[in-house]
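Student:
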Ligand SMILES: O=C(O)CCC(=O)C(=O)O
Ligand SMILES: [Fe+2]
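Set out below in structure tokens:
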């Protein structure tokens, strides 16, 4: 577990309130998923909202399935648009820093061996959706933990657009999550099918994934 040890030493002096991380750890241990409302630090949520609003339209690309040469647009599955978050700007760095504090915390308690993190803003226009899917496939061991936060300061039940998280393949009812600012959702990527229902208004979120290191001796696995 060299990877986990390396990450732990990066932990240093955390500036975040670890109470939330403790709740997420407990939820993941008991259920494999966690839904926490009013959880993301408010200063971070509002900075991310401002950042997302400033990103010009052309920085968003139609979301696809897969990466690099395998990237496929598939309107049958999803119709949202995305913009990858890099550490170029302060707010992006603040977000990545928050996520890596969570990563360090989870590695210490749950020994997940989370090694890298990638994330993007998502914009679902009215009517956009992401059909029921898994973020990772069993045995591929790439994306281990999914992390989603929402950037919508208000949300009315009539706006629809909920995330529906299902416990397993048989579950057809699931748990609905309102995409309200501050809500933090985490779940084991291989375990929980989920979908985004069409919304009646613009819907903003960040979706991210922690991965384990899948490097083999002569090949370094990049985070993106
Ligand atoms: O925005 C959400 O609620 C979930 C998005 C999602 O499932 C994904 O991007 O894989
Ligand atoms: Fe997903």
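Numbering (UniProt numbering), first residue to last: 1 to 224. Heads up, the beta-carbon is just placed ideally off N, CA and C, and yes, glycines get one too.
Mapping DSSP to helix, strand and coil, what is residue 201?
Tutor: In the structure shown, residue 201 sits in coil (DSSP, three-state: anything other than H, G, I, E or B).
Student: Does the separation of the CB atoms of residue 108 and residue 161 fall below 8 Å?
Tutor: No; because the gap between Cβ atoms is not below 8 Å, this pair is not in contact.
Student: Can we count residue 196 as close to ligand 1, meaning its CB is less than 7 Å from some heavy atom?
Tutor: Checking the Cβ of residue 196 against ligand 1 gives yes.
Student: Sort out for me which residues DSSP pairs residue 63 with in a bridge.
Tutor: Answer is none; residue 63 lacks a bridge partner.
Student: Give me the Cα-Cα distance between residue 154 and residue 182, rounded to the nearest whole angstrom.
Tutor: Looking at the two C-alpha atoms, the distance is approximately 10 Å.
Student: Note down the Cα distance separating residue 102 from residue 158, rounded to an integer number of angstroms.
Tutor: Those two C-alpha atoms are separated by around 33 Å.
Student: Looking at residue 106: is its Cβ nearer than 8 Å to the Cβ of residue 25?
Tutor: Contact: yes.
Student: Considering just the uninterrupted stretch of the alpha helix (DSSP H) at residue 21, what are its terminal residues?
Tutor: Per DSSP, residue 21 belongs to the alpha helix (DSSP H) from 18-30.
Student: I want to check one thing, is the minimum distance from the CB of residue 205 to the heavy atoms of ligand 1 below 7 Å?
Tutor: Result yes, Cβ under 7 Å from ligand 1.
Student: With H, G and I counted as helix, E and B as strand and the rest as coil, what does DSSP make of residue 208?
Tutor: Three-state DSSP puts residue 208 in a strand.
Student: Give the secondary structure of residue 96 by DSSP, where H, G and I count as helix, E and B as strand, and everything else as coil.
Tutor: Note: residue 96 maps to helix in three-state DSSP.
Student: Beta-carbon separation of residue 120 and residue 83 under 8 Å?
Tutor: Going by C-beta atoms, residue 120 is nearer than 8 Å to residue 83.
Student: Return helix, strand or coil for residue 145, following the three-state DSSP convention.
Tutor: In this structure, residue 145 counts as strand in the three-state DSSP scheme.
Student: Does DSSP classify residue 188 as helix, strand or coil?
Tutor: Note: residue 188 maps to strand in three-state DSSP.
Student: Thinking C-beta only, is residue 99 closer than 8 Å to residue 115?
Tutor: For residue 115 and residue 99, no; Cβs fall outside 8 Å.
Student: Note down, in chain order, each residue of its chain lying with its Cβ closer than 8 Å to the Cβ of residue 42, except the 5 sequence neighbours on either side.
Tutor: Only 182 meet the Cβ criterion.
Student: For ligand 1, is there any heavy atom lying closer than 7 Å to the beta carbon of residue 163?
Tutor: Yes, ligand 1 has a heavy atom inside 7 Å of this Cβ.
Student: Cβ of residue 235 versus every heavy atom of ligand 2: is any distance shorter than 7 Å?
Tutor: Residue 235 is absent from the model: the chain starts at 1 and stops at 224.
Student: Do residue 165 and residue 33 have their beta-carbon atoms positioned less than 8 Å apart in this structure?
Tutor: For residue 33 and residue 165, yes; Cβs fall inside 8 Å.
Student: With DSSP collapsed to three states, give me the class of residue 91.
Tutor: Helix at residue 91.
Student: Would you say the beta carbon of residue 148 is closer than 7 Å to some non-hydrogen atom of ligand 1?
Tutor: Under cutoff, so the answer is yes.
Student: Just list the residues that DSSP pairs residue 176 with in beta bridges.
Tutor: According to DSSP, which records beta bridges pairwise, residue 176 is partnered with 164.
Student: For residue 196, does the three-state DSSP call read helix, strand or coil?
Tutor: In this structure, residue 196 counts as strand in the three-state DSSP scheme.
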